[in-house]
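Down below is the structure, laid out as structure tokens.
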Amino acid sequence: MPVLQELRVVVALAPAKPNGLADLGAPLVEATGVKKGRAHEFAQVLSDGKIGRRFQDLRVVAVKTVEGGAPSAKVFVQFEVFGDNTAVATNGVGFDAVLGAGTQDLAHLSSSSLFLPYSSFWYPNRFVFDISIADFDQADSLAFIAKSEEVRSI
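So the mapping is simple: the working numbering equals the position in the sequence shown, first residue as 1, plus 323.
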């Protein structure tokens with residue numbers, strides 16, 4: 324069975340204005356802080372070097388805010404994924420992510436699967452993870468790790 328190779332893409336995070344957060348539902352208060360980063364397109368290859376899955380428009384948005392008097396911080400990971408002539412063999416393995424500050428790992432985040440029900444079609448995916456306020460304050464990158472996975476050829 325073909326196997327997708329692990330792929331790591333690092334997205335730089337920078338302080339940003341709180342524009343474009345309406346669809347995330349983040350409370351916009353005086354204390355709201357935002358960091359954003361983006362990677363446009365990248366491919367995950369099979370063990371034979373052929374493209375097996377494509378990702379595009381990877382957007383990372385970290386938000387620090389106050390809701391109901393309680394401070395909170397979250398990181399949103401959004402992207403589109405395309406099964407490039409491959410289909411998931413089982414429920415899929417998802418992805419890992421590492422929030423970082425320079426060379427220091429701050430938080431390890433993980434999803435159990437991607438929304439990719441069929442091959443040869445682009446599917447939007449959105450994930451949210453709670454992080455600490457301290458990790459939000461220090462974060463300057465997020466490493467997106469597409470895990471190795473067995474797939475079926477179409």
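Using N, Cα and C, we set each Cβ at its ideal position, and we do this for glycine too.
Note that the structure is predicted; figures quoted are calculated from it, not measured.
Member of the options whose CA lies at the smallest distance from the CA of residue i
i    : options                : result
K397 : P325, S476, V383, Q367 : V383
R361 : G425, Y446, F402, I456 : F402
E364 : L381, A349, V352, G423 : L381
A430 : S455, L347, V352       : S455
N414 : G348, A457, L437       : L437
A349 : A462, V451, I468, A469 : V451
D407 : D419, G372, G391, A462 : G372
Cβ shell of residue i (< 6 Å), same chain only, five flanking positions each side left out
i    : result
P325 : L369, V474, S476
A366 : I374, R377
W445 : E403, F405
T355 : P341, T388
CB of residue i within 9 Å of CB of residue j, strictly
i    : j    : result
S464 : V333 : yes
S435 : G417 : yes
S395 : D460 : no
V509 : R449 : Residue 509 is absent from the model: the chain starts at 324 and stops at 477.
L336 : A393 : no
Proximal residues to residue i (C-beta, below 7 Å), its chain only, five neighbours per side dropped
i    : result
V411 : L439, V474
Cβ distance (whole Å) where residue i is taken to contact residue j below 8 Å
i    : j    : result
A466 : R331 : 6 Å
Beta-carbon contacts of residue i that lie in its chain and below 8 Å, excluding the five residues immediately before and after
i    : result
Q328 : Q367, V368, L369, S370, S471
Exercise for the section: Ignoring anything shorter than 3 residues or poking outside the segment 324-398, list the beta strand (DSSP E) runs there in chain order. Expected result: Listed in chain order, the complete beta strand (DSSP E) runs (minimum 3 residues) inside the segment 324-398 are 330-335, 356-368, 374-390.
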